[in-house]
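Quick note, the sequences are listed as chains A and B, same order. So in our numbering, the last spot in the first sequence is 1743, and the numbers never skip. So in our numbering, the last spot in the second sequence is 268, and the numbers never skip. For every residue, glycine included, the Cβ atom is placed at its ideal position computed from N, Cα and C. Treat the numbers as computed from the prediction; the structure is a model and nothing was measured. Okay, so here's the structure we're looking at.
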Amino acid sequence: MEFLYSIFVTPFVEMWTAPEFLAEVVLGGLMSGIMYSLVALGFVLIFKASGVFNFAQGVMVLFAALNFVGLIDAGLPIVVALIATILIMVALAFAIERVVLRNLVNQEHIILFMATIGIAYFLEGLGEMIWGGDVRPLNIGLPDDVWFVGDILIQQSEVFAAAVAGSLVIALSLFFQYTRTGRALRAVADDHQAALSVGIPLNHIWIVVWAVAGLVALVAGIMWGSKFWVQFSLSTIALKALPVLILGGFTSIPGAIIGGLIIGAGEKVAEVFWGAAYGGAIEEWFAYVLALIFLFFRPQGLFGEKIIERV
Amino acid sequence: MTTPLLQVNNIEVIYDHVILVLKGVSLEVPKGKIVALLGANGAGKSTTLKSISNLLRAERGDVTKGSIELNGEAVHDKTANDLVKSGVVQVMEGRHCFEHLTVEENLLSGAYTRGNGAEIKRDLQMVYDYFPRLWERRKSQAGYTSGGEQQMVAIGRAMMAKPELILLDEPSMGLAPQLVEQIFAIVKKLNEDEGVTFLLAEQNTNVALRYAHYGYILEGGRVVMDGEAEELRNNEDVKEFYLGMVKEGRKNFREVKHYKRRKRWL
Ligand SMILES: Nc1ncnc2c1ncn2[C@@H]1O[C@H](COP(=O)(O)OP(=O)(O)O)[C@@H](O)[C@H]1O
Ligand SMILES: [Mg+2]
């Protein structure tokens, strides 16, 4: 009885009596959610353009962050380190196309998936070989003050992170909607064969999507790293992108964003308000259970691409 | 004799390293003509077109014997992208529009290999002049347009690459007879006014032979007959097997099969 009470009554009473606290919890959750969204976004880009389930997306976040923090620690100014890391991620895209994708084109998807597992472990090893396995703080001079909106406390750094992520998503949407390359990317996502038939070179498109996914990974890595430092567990945390994808749909960019936010906020709220009843650690599995429930009721995800039935 | 625009010399095509589909196909497409490639379902028409545009490799097919020459130059080592740049575009069977792109975006993506120039705007207008219906539907997602409109999108999209040769695969498929006439009339017009050469795969022999200059008939991966369109239209065998004009006394399917097996015209 008391248990039921602690699940169905107490949490709601707490939320009701302290709405500012609820708001802060949700906001905090949304911030981790942005991180999940960004990882999921990189994943969606590659999946849409090549049908490849990129297991390495999480490790790309780690790899980008490792390079960035490593270069800063080596004494480079932040801007130079940023540009250098962008170049590294673009070079990585070229290398992956040249060494892996080109040789496996037209193979079964499962084979490409296995290849991305290989890429993931290779990058993790390469990162450790170059930069070592230490946990490194990343300080890019984000403001660490807080604001109060009414009674709600907001971290300035988090607002900044949200603004960066938001701008990134807007820039990407504009790129997809209005540029020739963006249009070609959408064409490839729609119909590979037709894209080939009008002369769109698939390997260029792959380089572009892997490079963009690399940049998105870098942004995610910088945000996460400046909050929780750069460490190898980053790639595991990034696995949360999987339930996000199930929630949002594997081919939907808005789905990746909104799915990430829902899971980020949802798991925090669950942890804070229901954690006590279960003895904590809801955060660890909440996303996966939510995704599982979604699989039962809406397997294409919230925003899974509409399948057009010809009229 | 001048070299034809396209020359296919005795090609053999194998899928998945084992499935032999074309067993020595030869054909010629002279510049400025409409050439029809006729034959029943499974005869190898699409495979022939894909060997020319090099879309075959994406389906694990390979030209293992013979050669294909465009303006006297072998195409074997070129990519589909190279071929579009040198003026050969395929309009695939089943149209293959980009469903989630608008009609106009579909057309523009056809000009991908040509960069961003002002010429592209002009050609877009040219396509709209040929297909006024596409102008009306330019903002609609292609997936929501009708079959006839999608066929127009596919042909218009190919035109946007400024091609010399269009490989057009079964444009009549699934369309009402009136629409089929309309599409073929536009093909004819593009051929006459824009000087585009067509190699046209069709099961609809009747329509194809009315619009084409020359025809090849493919059966089981071999060319079994070829000739001027006029000539083919009047040929008794073609009339019987492909134009459905059944002669007296040979209505029976089994007899026809038997007759066919003898392959009289080989
Ligand atoms: N990708 C493929 N893999 C294996 N066999 C194929 C493939 N594509 C076509 N075929 C076979 O090749 C033959 C010719 O097919 P196709 O060229 O599509 O004929 P058509 O266009 O004349 O209908 C058919 O028997 C078909 O089953
Ligand atoms: Mg066919």
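With contact counted as at least three CB pairs below 8 Å, one residue from each stretch, are the segment 1625-1641 of chain A and the segment 55-62 of chain B in contact?
-> yes
Kindly indicate which residue of A:A1702, A:I1685 and A:Q1588 has the alpha-carbon position closest to the one of I1439 (chain A).
-> As a position in the first sequence, residue 1439 (chain A) is number 7, starting the count at 1. Ranking the options by Cα distance to I1439 (chain A), first place goes to A:A1702.
L192 (chain B) versus L1533 (chain A): straight-line alpha-carbon distance, rounded = Counting from one through the second sequence, the residue named residue 192 (chain B) turns up at place 190. Counting from one through the first sequence, the residue named residue 1533 (chain A) turns up at place 101. Straight-line Cα distance between these residues: approximately 39 Å.
In this structure, what does DSSP give as the bridge partners for M227 (chain B)?
-> Here the question's residue 227 (chain B) lines up with position 225 in the second sequence. Bridge partners of M227 (chain B): B:I219.
Option in B:N208, B:Y213 and B:E230 with minimal Cα separation from G41 (chain B) | On the second sequence, residue 41 (chain B) is found 39 positions in, with the first residue counted as 1. Per the Cα distances, B:N208.
Taking C-beta to C-beta, are A1496 (chain A) and L1604 (chain A) nearer than 8 Å?
-> Start at 1 with the first residue of the first sequence, and residue 1496 (chain A) comes out as number 64. Start at 1 with the first residue of the first sequence, and residue 1604 (chain A) comes out as number 172. It is not a contact, given that the beta carbons lie outside the stated cut-off.
Under the assumption that K33 (chain B) contacts L7 (chain B) (Cβ atoms under 8 Å), give the Cβ distance between them as a whole number of angstroms.
-> Taking the second sequence and counting its residues from 1, the one referred to as residue 33 (chain B) is at position 31. Taking the second sequence and counting its residues from 1, the one referred to as residue 7 (chain B) is at position 5. With 8 Å as the limit, K33 (chain B) and L7 (chain B) qualify as a contact, their Cβ atoms being about 4 Å apart.
Can you find a heavy atom of ligand 1 that lies under 7 Å from the Cβ of D18 (chain B)?
-> Taking the first residue of the second sequence as 1, we reach residue 18 (chain B) at position 16. For ligand 1, at least one heavy atom lies less than 7 Å from the Cβ of D18 (chain B).
Output, in sequence order along the chain, the residues in the segment 1616-1632 of chain A whose CB is closer than 7 Å to any CB in chain B.
-> A1616, R1618, A1619, D1622, D1623, Q1625, A1626, L1628, S1629, V1630, G1631 and I1632
Taking the DSSP output, what are the residues bridged to R1568 (chain A)?
-> Here residue 1568 (chain A) corresponds to residue number 136 of the first sequence, with the count starting at 1. R1568 (chain A) pairs with A:V1662.
Since V1644 (chain A) and L1477 (chain A) are thought to touch, with beta carbons under 8 Å apart, how far apart are those beta carbons, to the nearest angstrom?
-> Position 212 of the first sequence, counted from the start, is the residue given in the question as residue 1644 (chain A). Position 45 of the first sequence, counted from the start, is the residue given in the question as residue 1477 (chain A). Yes, they are in contact, since the Cβ atoms of V1644 (chain A) and L1477 (chain A) sit about 6 Å apart, within 8 Å.
Secondary structure, beta strand (DSSP E): runs of 3+ residues fully inside the segment 1516-1588 of chain A = 1578-1581 and 1584-1587
Could you please tell me which residues of the segment 175-207 of chain B, in chain order, have their CB closer than 7 Å to any CB of chain A?
-> none
From B:K35, B:G112 and B:F133, residue whose alpha carbon lies closest to that of F200 (chain B) = By 1-based counting over the second sequence, the position of residue 200 (chain B) is 198. For F200 (chain B), the nearest C-alpha among the options comes from B:K35.
With a CB to CB cut of under 8 Å and the five nearest residues on each side skipped, what residues in its chain are close to T115 (chain B)?
-> Against the second sequence, residue 115 (chain B) aligns to sequence position 113. Hits under 8 Å: N83, V86, K87 and A163.
Closer than 5 Å: residues whose CB approaches a heavy atom of ligand 1 = B:Y17, B:I21, B:V23, B:N43, B:G44, B:A45, B:G46, B:K47, B:S48, B:T49 and B:E61
State yes or no: is the beta carbon of R1534 (chain A) nearer than 8 Å to at least one beta carbon in chain B?
-> As a first step, residue 1534 (chain A) is located in the first sequence; it is residue number 102 there, counting from the start. No, its Cβ sits nowhere closer than 8 Å to a Cβ of chain B.
Use the C-beta contact count for W1656 (chain A): other C-beta atoms within 10 angstroms, 16 or more gives buried, fewer gives exposed.
-> Within the first sequence, residue 1656 (chain A) is the residue found at index 224, counting from 1. Buried, by the Cβ-count rule.
Pick from A:T1449, A:G1474, A:A1516 and A:I1685 that is closest to A1670 (chain A), judged by C-alpha positions = As a position in the first sequence, residue 1670 (chain A) is number 238, starting the count at 1. For the residues A:T1449, A:G1474, A:A1516 and A:I1685, the minimum Cα distance to A1670 (chain A) belongs to A:G1474.
Output, in sequence order along the chain, the residues in the segment 1724-1736 of chain A whose CB is closer than 7 Å to any CB in chain B.
-> none
What are the start and end residues of each continuous beta strand (DSSP E) run of 3 or more residues lying completely inside the segment 73-135 of chain B, in chain order?
-> 90-93
Secondary structure of H260 (chain B), DSSP reduced to three states = On the second sequence, residue 260 (chain B) is found 258 positions in, with the first residue counted as 1. Its pLDDT being 45, under 50, H260 (chain B) is placed unreliably by the model, and the measurement read from it follows with that caveat. Helix at H260 (chain B).
C-beta atoms of A1488 (chain A) and I1562 (chain A) nearer than 8 Å | The residue you call residue 1488 (chain A) lines up with position 56 of the first sequence. The residue you call residue 1562 (chain A) lines up with position 130 of the first sequence. No.
Answer yes or no: do V1457 (chain A) and V1704 (chain A) have a C-beta to C-beta separation smaller than 8 Å?
-> Taking the first residue of the first sequence as 1, we reach residue 1457 (chain A) at position 25. Taking the first residue of the first sequence as 1, we reach residue 1704 (chain A) at position 272. Taking 8 Å as the Cβ cut-off, V1457 (chain A) and V1704 (chain A) qualify as a contacting pair.
Own chain residues within Cβ distance below 8 Å of G1733 (chain A), not counting five before or after | Walking along the first sequence from the start, residue 1733 (chain A) turns up at place 301. Excluding residues within five positions, the ones whose Cβ falls inside 8 Å are L1677, I1678, L1679, G1680, G1681, F1682, S1684, G1687, G1691 and F1726.
Span of the alpha helix (DSSP H), counted from its first residue to its last, around K141 (chain B) = The sequence position of residue 141 (chain B) within the second sequence is 139, counting from 1. K141 (chain B) -> no alpha helix (DSSP H), and no H or E assigned at all.
Taking any Cβ of chain B, which residues in the segment 1591-1612 of chain A have a Cβ under 7 Å from it, in chain order?
-> R1612
Using the Cα positions of N236 (chain B) and W1642 (chain A), report the straight-line distance between them to the nearest angstrom.
-> Start at 1 with the first residue of the second sequence, and residue 236 (chain B) comes out as number 234. Start at 1 with the first residue of the first sequence, and residue 1642 (chain A) comes out as number 210. For N236 (chain B) and W1642 (chain A), the distance between alpha carbons rounds to 57 Å.
Just to confirm, are Y213 (chain B) and V240 (chain B) a CB contact at a threshold of 8 Å?
-> Position 211 of the second sequence, counted from the first residue, corresponds to residue 213 (chain B). Position 238 of the second sequence, counted from the first residue, corresponds to residue 240 (chain B). Not a contact, by the Cβ cut-off of 8 Å.
Nearest-angstrom Cα distance between R264 (chain B) and T49 (chain B)?
-> The residue you call residue 264 (chain B) lines up with position 262 of the second sequence. The residue you call residue 49 (chain B) lines up with position 47 of the second sequence. Only weak support is given to the placement of R264 (chain B): the predicted model assigns it a pLDDT of 43, under 50, and the question is left unresolved by the model.
Which word fits Y1468 (chain A), buried or exposed, when buried means at least 16 other C-beta atoms lie within 10 angstroms of its C-beta?
-> The count along the first sequence starts at 1 and reaches residue 1468 (chain A) at position 36. Buried, by the Cβ-count rule.
Along the segment 1533-1556 of chain A, what residues have a CB closer than 9 Å to any CB found in chain B?
-> V1537 and N1538
Using a Cβ-Cβ cut-off of 8 Å (strictly less than) and excluding sequence neighbours within five positions of Y132 (chain B), which residues of its own chain qualify?
-> Within the second sequence, numbered from 1, the residue matching residue 132 (chain B) stands at position 130. Correct list, in chain order: G158, M161, I188, K191 and L192.
Could you name the residues that DSSP lists as bridge partners for A203 (chain B)?
-> One-based indexing of the second sequence puts residue 203 (chain B) at position 201. Paired residues: B:L39 and B:D171.
Are the beta-carbon atoms of R140 (chain B) and E101 (chain B) separated by less than 8 Å?
-> Against the second sequence, residue 140 (chain B) aligns to sequence position 138. Against the second sequence, residue 101 (chain B) aligns to sequence position 99. No.
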